[in-house]
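To start, the structure itself, in structure tokens.
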Amino acid sequence: MVGRAPSLPAHVVLTAARRELRAGRSRGARGMEEQPAASRRSRLVGPGGRRQLHLRSVLVARRVVRRPRPGRERRRVRRRPRGHARRPGPLSSLPSLGSLNLSFNSLTGSFPSNVSAPLLGLRSVDLSNNSFSGPIPTMLPVYMPNLEHLNLSSNQFVGEIPASLAKLTKLQSLILGSNSLSGGIPPVLGSISGLRALELHSNPLGGAIPASLGNLRSLERINVSLALLDSTIPRELSGCTNLTVVGLAGNKLSGKLPVSLAKLTKIQEFNVSKNMLTGTILPDYFTAWTHLMVFQADRNRFNGEIPTEIGMALRLEFLSLATNNLSGPIPSVIGRLTDLKLLDLSENELSGTIPRTMGNLTRLEVLRLYDNKLTGRLPAEFGNMTALQRLSISTNMLEGEIPAELAGLPNIRGLIAFENLFSGAIPPGLGGNGLLSMVSMSDNRFSGGLPPGLCKSAPRLRFLALDNNHLTGDVPACYSNFEKLERFRMAGNRLAGNLSGILGSQLPDLYYIDLSWNLFEGELPEHWPQFRSLSYLHLDGNKIGGTIPPGYGAMAALRDLSLASNRLTGTIPPELGKLALLKLNLGHNMLSGRIPVTLGNIATMLLLDLSENDLHGGVPAELTMLSSIWYLNLSGNSLAGEVPALLGKMSTLETLDLSGNPGLCGDVAGLNSCHLNSDSGGSRRHKARLNLVILLAVAAALLASVAAVACVVVRRKRRTGAGEDTPETERTATARGSAMALQASIWGKDVEISFGDILAATEQFDEAYCIGKGSFGSVYQADLPGGHCLAVKKLDASETDDAFRGISEKSFENEVRALTHVRHRNIVKLHGFCASSGCMYLVYERVERGSLTKVLYGGSCERFDWPARVRAIRGLAHALAYLHHDCSPPMIHRDVSINNVLLDAEYETRLSDFGTARFLAPGRSNCTSMAGSYGYMAPELAYLRVTTKCDVYSFGVVAMEILMGKFPGELISSLYSLDEARGVGESALLLLKDVVDQRLDLPAGKLAGQLVFLFVVALSCVRTNPDARPTMRTVAQELSAQRRSTLDRPFAAISIGDLTILQV
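Residue numbers (the UniProt record's numbering): 1 to 1064.
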């Protein structure tokens, strides 16, 4: 016995070997039911009379029903009482068994090995898509020596791939993808001469691609994508002359494409995307690979031009060269590839005009040319591409008008053309096919009116963005018929008309309206509070008059409201205090009355601007309750009276403007005191200044003394050399109760902890207190007297040396001190820092449940249910939004992964290690050195482009992993570029219900809607183009709005492709 077998009852095994099985909820059973009788029998009796055990998608713990033979009455297999486990039946009881298929069940445990004698007749084993764990037994070739097919994919197997598998000399297919296997690819696998399929993808294998695999002359398919491989592509693979499919994507492969691979004349699919490959795209491949259908080399570092020989690959259906450094023109011969369905050349340095020959691509469904340097006009021949569904040409220098022929395409669903130089009128027939769901043509020079043809797509249109153009005229009345609209962006034009007639009242999914800086008139529509999903409303810079309706205080999802620079009158409705606003801008209007005290109830408020109105009365003391606010502008009003003293002492407030209110006074900078007259005021101010001078003098003298003592200590220490303490140093160490000399110590102002306490609690950092290790150091648990539970990260000496290299001590101390000031409920508190004996110590609060890795994969996840996962994702979003947008300067985490997301007792998120990256030398960020972080890194990090959008990408990966219960790398990779809506590839056809964590019951009701939207947000965050990802502030706002699903269909019917067409 090598391990325990899954619970497979003996009577089920024997019954299955004799007769077909039928299970009411089984896909496999349904498929068998539809087959002819002869075909059904063939599945149970294989070649040579061998029996096959086929339980695919059958829940073995359920009742099993056997079909009666003619003349025999139906019998029912006795069902065990619920709650009683079945005893495993020995596989050796089936000596003639030829095929074992247990795929797509919920089986757990180790590899089935309850075999007392070799199963000589067993040819095929398929245990895929279960929850088997543990290692793959090295004795497997002993028990199953004649295996031809072994499929263990999509389980939780760990450990190394046994080298003993090479003893399976008859093996034809080895499928081990989507597990947690490590230790590299055994070179000995190259000796299995009959191997035709090798799939090891989605495992953290690491290491190189063995050159010995080139000995596999029969190999037809190899897929080692997403396996952390970090070698070059061995030229020896050219020996696999029967290869048709090569999958090497999502690794860290470097070097150039081997010229020798051109010898593989049977290649149909070639995927090396998301690596670090350099050099040029080899023309030899396209001349030699006459059967080529898929070529993916996106997200690498290829340079040079697109070879004209590409026009010889006449069978190409999918061609992706996106996100490289390719330059030069798009070759006109690309128009010969008439079988193309997807062409992605985005995010390169391509220049010149778009060739007119592209009009020959009549089967093309998706064309992406965005983020290049293309010039000229769009060819009118685009009107010939009748299959085209999505066109993305944004961020180029294209000019001229949009061809009317393009607008008339019968299948066009999405047109993304923002940030170009297009001009003229938008074709009036755009959207006339009734299928258009997305139009984004912002930041161009379009003029004229809005296209009325969009009205024919009213039942489908979700996103309409035409902001920052030169559009004029009224909004067509038929725009009020939009039913599915979610984002409506028309800002920065010269559109006019009455605001009330623009949008209808039935828009349940509308969450974003920006009509700012136009010429709209009228009053605020009374029916807009019915937009229950609306979270962003900007109408500033128009001619809107009247009052603010109190009903706007019922828009529960609203987070950002700007009505500034209009002609609003009346008072500010106190009902606005019921909202969970982040920003409220009512400045530059004609509002009067008092500031409502209810505004102090908006605890989430970050920005409040009521400037340049005619408000009177005092500044409400309730505004001091805005604990998160950083910008408050009340200038240019008629406010009077004493300003609450606490207003000037709010720790979060960065900008406070009370100017232009001559009646205000108080203990706030820039204001006169309310209690001083002109006579006594002068003397008191003089006395205050004198006290301040004395205080500053004393402080300066004290600071000078401390500096002098520090210099003496440092000099004496340098003279005495390493290991010798001066008497002063000895006294300092003794006073701290430590045998270690403390060189630096920085603590938060609310902390009463000494380094000596930590030393005592960890017994000088004894290994017994170590609770975790990373590539840069270890983490220790320290339980201090008084109930303080700490986690102390001890950085290795080598990393410490690097940290100080080129950094002054003062700037480094300021950096640490800034981190100790970070305050957020979703961020692990950094209490302080110590440097001692060549090491650095970071002292954090300890979080009860530990890392998300432990909670998600460490055992039962029943308590980590869907509501808890929703909270965890929201908490992580708020933590990153705080670091990016509320810290000055902004902080980039750079290593957001499930290892650095902690959960407390209530499954609330605590983001950790938010400051550690700042202590590491350039090039040694734990983004690349920490195990487990690969796969969470944004693609642009390969080019050292570190921005906040890197964290956004990592957030998207973590959010998807929380929802899926497994690493989402394969799904992200297979969805091509997520910068646009696509629905391309097999993954787009996956149902969301099959993607989410299968260990939990499917969500229902409002919770199902929340999960759908979370997935939409996560997919938006993992777009390839950093500029296309939302900011973390936007993400946090959207998630806080608790919007329901944007899809009007049951949860079980939603596909991944449905979600990729949406964006945040």
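Heads up, the beta-carbon is just placed ideally off N, CA and C, and yes, glycines get one too.
- For the 8 Å CB-CB criterion, R221 and A249 do not form a contact.
- Distance from the CA of H616 to the CA of P596, rounded to the nearest whole angstrom, comes to 11 Å.
- Counting only runs of 3 or more residues that sit fully inside the segment 157–206, the beta strand (DSSP E) segments are 173–175, 180–182, 197–199, in chain order.
- A residue is called buried once 16 or more other Cβ atoms fall within 10 Å of its Cβ, and C789, having fewer, is exposed.
- Cβ-Cβ separation between G453 and G473: approximately 15 Å, too far for a contact (criterion under 8 Å).
- Inter-residue distance for Q296 and P428 is about 37 Å (C-alpha atoms, whole angstroms).
- S974: member of the alpha helix (DSSP H) spanning 969–974, first to last residue.
- If you compare the alpha carbons of P162, L364, R1033 with that of E317, the shortest gap goes to L364.
- In the three-state reduction of the DSSP assignment, H884 falls in the helix class.
- Looking only at S182, S327, L911, the smallest Cα-Cα distance to V901 is reached by L911.
- Under the rule that a run must span 3 or more residues, the beta strand (DSSP E) segments found entirely inside the segment 351–424 read 366–368, 373–376, 390–392, 397–400, 414–416.
- By the neighbour-count definition (other C-beta atoms within 10 Å, threshold 16), V259 is an exposed residue.
- If you look at E961, you'll find it in the alpha helix (DSSP H) that goes 948–964.
- Secondary structure in the segment 256–333: the beta strand (DSSP E) runs of 3 residues or longer, each lying completely within the stretch, are 269–271, 294–296, 303–305, 318–320, 325–328 in chain order.
- A direct Cα-Cα distance of roughly 10 Å separates I629 from I602.
- P141: member of the alpha helix (DSSP H) spanning 140–143, first to last residue.
- If you look at D667, you'll find it isn't in any alpha helix (DSSP H); DSSP assigns it neither H nor E.
- For G134, the enclosing beta strand (DSSP E) stretches over residues 131–135.
- When DSSP states are grouped into helix, strand and coil, Y511 belongs to the coil group.
- Three or more Cβ pairs drawn from the segment 326–336 and the segment 347–359 lie within less than 8 Å of each other, which places the two stretches in contact.
- Where C1021 is concerned, the enclosing alpha helix (DSSP H) starts and stops at 1005–1021.
- The alpha-carbon separation between S225 and H201 amounts to approximately 5 Å.
- Between L563 and K543, the beta carbon gap of about 12 Å keeps them out of contact (Cβ cut-off 8 Å).
- If you check the CB distance, G545 and R567 come in under 8 Å.
- In this structure, L406 lies away from S392, with their beta-carbon atoms at least 8 Å apart.
- Residue environment analysis places I753 among the buried positions, since at least 16 neighbouring C-beta atoms fall within 10 angstroms of its C-beta.
- In this structure, S180 sits near P204, with a CB-CB distance shorter than 8 Å.
- Residue environment for G98: buried (at least 16 other C-beta atoms within 10 angstroms of its C-beta).
- For L759, no beta strand (DSSP E) run applies; the uninterrupted alpha helix (DSSP H) run containing it begins and ends at 755–762, by DSSP.
- Between K583 and L610, the C-beta spacing is not below 8 Å.
- Excluding residues up to 5 positions away in sequence, P529 lie with their Cβ nearer than 6 Å to the Cβ of A554 in the same chain.
- A residue is called buried once 16 or more other Cβ atoms fall within 10 Å of its Cβ, and C478, having fewer, is exposed.
- Excluding the 5 residues flanking it on each side, L120 has same chain C-beta neighbours closer than 8 Å at P95, P145, N146, in chain order.
- S447 and P1026 have their C-alpha atoms some 30 Å from each other.
- In this structure L647 is not in contact with L664, their Cβ atoms being roughly 11 Å apart against a cut-off of 8 Å.
- Here I771 is exposed, its C-beta having fewer than 16 other C-beta atoms within 10 Å.
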